[in-house]
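The structure appears below as C-alpha cells.
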Amino acid sequence: MRTIHPIEARSLEILRSRVDLGALPPLTRAVTERVIHASADLEYATDLVTDEEHLRQGLRALREGAPIVTDVAMVAAGITARPAICSISDPAAAGVEGLTRSAAAIRLSYAEAGPGAVWVVGNAPTALEEIIEHGVAPALVIGLPVGFVGAVESKAALRDSGLPAVSNVSEKGGSAVAAAALNALLYFEGDA
Numbered sequence: 001m002r003t004i005h006p007i008e009a010r011s012l013e014i015l016r017s018r019v020d021l022g023a024l025p026p027l028t029r030a031v032t033e034r035v036i037h038a039s040a041d042l043e044y045a046t047d048l049v050t051d052e053e054h055l056r057q058g059l060r061a062l063r064e065g066a067p068i069v070t071d072v073a074m075v076a077a078g079i080t081a082r083p084a085i086c087s088i089s090d091p092a093a094a095g096v097e098g099l100t101r102s103a104a105a106i107r108l109s110y111a112e113a114g115p116g117a118v119w120v121v122g123n124a125p126t127a128l129e130e131i132i133e134h135g136v137a138p139a140l141v142i143g144l145p146v147g148f149v150g151a152v153e154s155k156a157a158l159r160d161s162g163l164p165a166v167s168n169v170s171e172k173g174g175s176a177v178a179a180a181a182l183n184a185l186l187y188f189e190g191d192a
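Residue numbers for the sequence shown follow UniProt numbering, so the first one is 1 and each next one is one higher.
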C-alpha cells in the first residue's frame, strides 16, 4: 500500500472539488487524475484520450513485470515505482543518419525491451513516430509529447495506428504528464 503525503492528499481534494471525474472508468479516472495533479491543468479532463481496455492491458503487463521504456531521461526520472529503460544518453543514439537522437534511442531501447513493453513518450514526437512505424508490439504506449512541431500529428498517428495507447489531442504534454500517466497505473490498487 502506497503512503500518500498530506500535501498530495490535499492537492487531490482540491482537484476533485474543481472537476468531477466520477463518471470515468476506474483506470481512466486514475490516469486523468494523476495527469491533472502533475500539471495543475484541468483541461486534461477533456483532452486525454484513453481506452479502459488498453489501460487494463498495460496494467496487467506492468504487474507481470513488463519493461518500461522512455524517450528521455526526464520521463524516466519521473517514474517513481520502477526503473525504466532509457537509451537517450547512449553514444550510439547520437548521429544516426535520418533520425533524431530520441528516435534512435527508441530503436536502441527496443533491442533491450523487446515486444510487450510499456512505452512512455513525453518529449519527442519523433520517438513516438519510431514506435508507430517500427512495430514494437507494445503492451501500451503512453504518447504525450509536447510541442508545436509534430506533437499533435504524432499523437493523432498513434490513435490512428490501432496500438493500445494513451494520448491527448492538444499540443500540450511533456515529461511530467507522461510519467504521471504511467505512475497512475503503477500506483493503481484495483483489479486489472
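Cβ coordinates follow ideal geometry from the N, Cα and C atoms, glycine included.
Note that the structure is a prediction, hence the values are computed from the model and not measured.
Residue environment analysis places Phe-148 among the exposed positions, since fewer than 16 neighbouring C-beta atoms fall within 10 angstroms of its C-beta. Residue Gly-122 holds the alpha-carbon nearest to the alpha-carbon of Gly-78 among Asp-160, Arg-18, Gly-122 and Lys-172.
Rounded to the nearest whole angstrom, the CA to CA distance from Ala-93 to Ala-103 is 8 Å.
Taking C-beta atoms as the reference points, Leu-59 and Leu-185 count as a pair closer than 7 Å.
Assignment of Ser-170 by DSSP, reduced to helix, strand and coil, places it in the coil class. Measuring C-alpha to C-alpha distances from Arg-56 to each of Ala-165, Ala-127 and Gly-174 identifies Ala-165 as the nearest.
Note: Val-120 is bridge-paired with Thr-70 and Ile-142 in the DSSP secondary-structure output. With a beta-carbon spacing of about 22 Å, Ala-66 and Ser-89 fall beyond the 8 Å limit used to define contacts.
Pairing Ser-109 with Leu-140, the inter-Cα distance amounts to about 15 Å.
When the five nearest sequence neighbours on each side are left out, the beta carbons in the same chain lying within less than 6 Å of the beta carbon of Pro-25 are those of Glu-52, in order along the chain.
Taking C-beta atoms as the reference points, Thr-80 and Thr-50 fail to come closer than 7 Å.
For Asp-47, the enclosing alpha helix (DSSP H) begins and ends at 44-47. Within the DSSP secondary-structure output, Ile-85 pairs in a beta bridge with Val-69.
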